[in-house]
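All remarks here apply to the structure that follows.
Number of protein chains: 2
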Amino acid sequence: MVDTVGIVGLGLIGGSLARRLAQRGIKVVAWNHRPHPYAQAEADGIYCKSTIAELMSADPDVVVLCNPLKAMPAILAELKPLLAKSPRTTLTDVGSVKGMVRDQVKAAGLGECYVGAHPMAGNELSGWRAADPHLYDDALWAVTVDEDTAYNRFFSVASMITHDVGNRIIVLDDETHDKGAAMISHMPHVVSTALINELTANPDRNVAAALSAGCWRDMTRVALTDPDRTRAMVEEDALNVEVLLRRMASRLTAMADQLHNADASAIGRFFAEGDPFRRYKAEMSSTDAFTRQELEIPEQGWQQTLLFSARRGEAITGFVNLRQAIIELRPAI
Amino acid sequence: MVDTVGIVGLGLIGGSLARRLAQRGIKVVAWNHRPHPYAQAEADGIYCKSTIAELMSADPDVVVLCNPLKAMPAILAELKPLLAKSPRTTLTDVGSVKGMVRDQVKAAGLGECYVGAHPMAGNELSGWRAADPHLYDDALWAVTVDEDTAYNRFFSVASMITHDVGNRIIVLDDETHDKGAAMISHMPHVVSTALINELTANPDRNVAAALSAGCWRDMTRVALTDPDRTRAMVEEDALNVEVLLRRMASRLTAMADQLHNADASAIGRFFAEGDPFRRYKAEMSSTDAFTRQELEIPEQGWQQTLLFSARRGEAITGFVNLRQAIIELRPAI
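Those protein sequence lines, which keep their order, are chains A and B.
So the first sequence is numbered by the UniProt record's numbering: it starts at 1 and just counts up by one.
So the second sequence is numbered by the UniProt record's numbering: it starts at 1 and just counts up by one.
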């Protein structure tokens, strides 16, 4: 079980996590590159430290890197000798692209103590002032592992998220995570941005904007978030986003051709193709509580067991013991 | 000024409009192809009629066609002899594509008494049971006219919307409307549908769905609405949607190429291109009330005067008299 958690970076994600863990009775030690959030954070029961070395001397069970990706190499370099002296501390992070972080962590020689994590939570705000423990209400995290991940490292991070943050997890390899995140977030962010670019280029943009209602507002909301943050996220996952953008472009071109040819049956297929997702959403919203059951986690090949569980649509809500997870059976698409 | 309004079709849009007008003291006569909403509508103060002829015998100032487009030819044929006996009744509708409705109205020989209208209001529901007068809270309508539209016909519809529904209007020709609606609604509906099609085709769709949060939920909301209704709307505006889908496909392909080549400056331009729209949204949300001023409407070329006003981003909130509108000066993009 986790007693002390170190948070590096008190922005929206890190600040919200620190506040939530403190609220739920975990000892939280935190460091931020500028001390401006410290007075308020201390008032929230967070122990603020003036250096990363001081944070590490609190001997945290888990250190969560919530800093911007561009600060990662410097912070990892600083952590390297400190983690050598704290062999039981597990390192994790909250980045939205996992392959690149693991590469950086391995390059810093810290692969052995690392488990990736990505909370599916956030909003269009940023910084400590927007930090809110409710950001994590009902959130699901991806926890990413590879074949070398030590099970006890995984278990520290997984039990912190399920028991201490009170959230659900799915366990993935980095590639599956990054492809999935490209599908439901990184590529759609580009599409949303392309929509506002198209409007801006439209000679009747003021008329179009006046006519806009719920559809336009919802589809362009993420294009209004900080474009530099979106750009960084997209560039970190460039390979996967590129593939999906080409697939989307070809879907839109095919539909343009079908409209051009008034090809009623192809147009009909286009509007029916997503029905499995529509049924899944209807099932999700008609379900108050998912059936739960236990899942035995083997010592060998546990990564695959947990990945297959995620692929079936299951999510881990907690642990009975080290080798027994509680999973939710969710509808599949 | 308008005393009596006829509503043909008590679905979501027509039912909400009937309830709103009745609530605001207008005499509303209504007809629906099936009488199931009548008991509740009568309780709301709406006079329900068993035939369109009975509705017309109440001598409404304006008749609003809120029926599905596929019922339009039959209803127009039925209205033709009735409108011949009620020369002061003005005909309007609420369809989301205006060129096609005007064509049908002209084909029925009713062009002289017709003014197009499209309230930018709606949600994912449908039918009388979802009808809610608040659907029109703060709504803006497009009112569409052509060079043959009689000013007094326009004024009846415009003053019904501003004075009796309590909404704002912009005045457009059909083509400008249909291009604008394609930009902010019809084309984005196709994009949203393509997104759920792409997810459904994804081998890791359950993982991707589990990872999905606010971005995905917002960008696919309209794809979950009745796909038949979306399909009809897109097919009615096929020409404009086709052009915009090709433009979007080329934007997405260009971005895929730029990611492939890691072309930092082109990627930077892509994320900056929509800044004028971002600034417009920031201005809109920081403004509590727009400056209002009067706009003189000339007898000759009034259509152009009002179209240019819409293109500048202005909206009409009411009328001082027949030739004097009150306009809101809204931010321009």
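C-beta: ideal position from N, C-alpha, C; glycine also.
Remember, it's a predicted structure, so these values are computed and weren't measured experimentally.
With DSSP collapsed to three states, give me the class of residue i.
| i | result |
| --- | --- |
| I26 of chain B | coil |
| G318 of chain B | strand |
| D59 of chain A | coil |
| Q324 of chain A | strand |
| R269 of chain B | helix |
| Q300 of chain A | coil |
| A18 of chain A | helix |
| R312 of chain A | coil |
| A117 of chain B | strand |
| L211 of chain A | helix |
| L239 of chain A | helix |
| R251 of chain A | helix |
| R231 of chain A | helix |
| D226 of chain B | coil |
| L12 of chain B | helix |
| T305 of chain B | helix |
| G111 of chain A | helix |
| M100 of chain A | helix |
| W278 of chain B | What sits at residue 278 of chain B in the sequence shown is Arg, not Trp. Note: R278 of chain B maps to helix in three-state DSSP. |
| D263 of chain B | coil |
| M1 of chain A | coil |
| D288 of chain A | coil |
| R34 of chain A | coil |
| A256 of chain B | helix |
Could you name the residues of the same chain whose beta carbon sits closer than 8 Å to that of residue i, not counting the 5 residues immediately before and after it, in chain order?
| i | result |
| --- | --- |
| V64 of chain A | V5, G6, I7, V8, G14, L17, T92, D93, V94, A117 |
| Q40 of chain A | W128 |
| G122 of chain B | L12, I13, L135 |
| M120 of chain B | A139, L140, W141, A142 |
| E147 of chain B | Q303 |
| I75 of chain B | V8, I52, L65, N67 |
| V320 of chain A | E294, I326 |
Who are the Cβ neighbours of residue i in its own chain at under 6 Å, not counting the five residues just before and after it?
| i | result |
| --- | --- |
| T287 of chain B | none |
| M72 of chain A | Q104 |
| I52 of chain A | W31, E78 |
| F270 of chain B | M255 |
| E328 of chain A | F290, R292, A315, T317 |
| C48 of chain A | A30, Y38, A41, E42 |
| T193 of chain A | A223 |
| R34 of chain B | none |
| Y280 of chain A | P331, I333 |
Who are the near neighbours of residue i in its chain, counting only those whose CB is closer than 7 Å to its CB and skipping five residues on each side?
| i | result |
| --- | --- |
| S86 of chain B | M56, D59 |
| D226 of chain A | S126 |
| V115 of chain A | T90, T92, V143, V145, T149, R153, F154, V157 |
| L21 of chain B | V5, V28, D164, V165 |
| P37 of chain A | L10, G15, W128 |
| D44 of chain B | R19, A22 |
| L83 of chain A | T89, L91, L110, C113 |
| L69 of chain A | G95, A232, E236 |
| S309 of chain B | L295, I327 |
| M160 of chain A | V2, V5, V62 |
| V234 of chain B | H186, H189, V190, V241 |
Look up residue i in the DSSP assignment and give the residues it is bridged to.
| i | result |
| --- | --- |
| Q40 of chain B | Partner(s): none; Q40 of chain B has no beta bridge. |
| G6 of chain A | A:V29, A:V63 |
| E294 of chain A | A:I326 |
Is the region 155-174 of chain A touching the region 303-321 of chain A in the sense that three or more CB pairs, one from each, lie closer than 8 Å? yes
Counting beta carbon pairs with one atom in the region 120-133 of chain B and one in the region 4-18 of chain B, are three or more of them shorter than 8 Å? yes
Hey, which unbroken runs of the beta strand (DSSP E) at 3 residues or more fall wholly within the region 119-206 of chain B? 140-144, 168-172
At a cut of 8 Å, does the region 148-161 of chain A reach the region 179-198 of chain B through at least three beta carbon pairs? no
Take every Cβ of the region 254-264 of chain B, pair it with every Cβ of the region 244-260 of chain A, and state whether three or more of those distances are shorter than 8 Å. yes
Are at least three pairs of beta-carbons, each pair with one atom in the region 301-310 of chain A and one in the region 222-238 of chain B, less than 8 Å apart? no
Are the region 202-216 of chain B and the region 267-285 of chain B touching by the rule of at least three beta carbon pairs closer than 8 Å? no
Any 3 or more C-beta pairs closer than 8 Å across the region 213-220 of chain A and the region 214-226 of chain B: yes
Could you name each continuous beta strand (DSSP E) segment of 3 residues or more that falls completely within the region 44-95 of chain B, going from the start of the chain to the end? 62-65, 90-93
State whether the region 171-180 of chain A contacts the region 191-210 of chain A, with contact taken as three or more CB pairs (one from each stretch) at a distance under 8 Å. no
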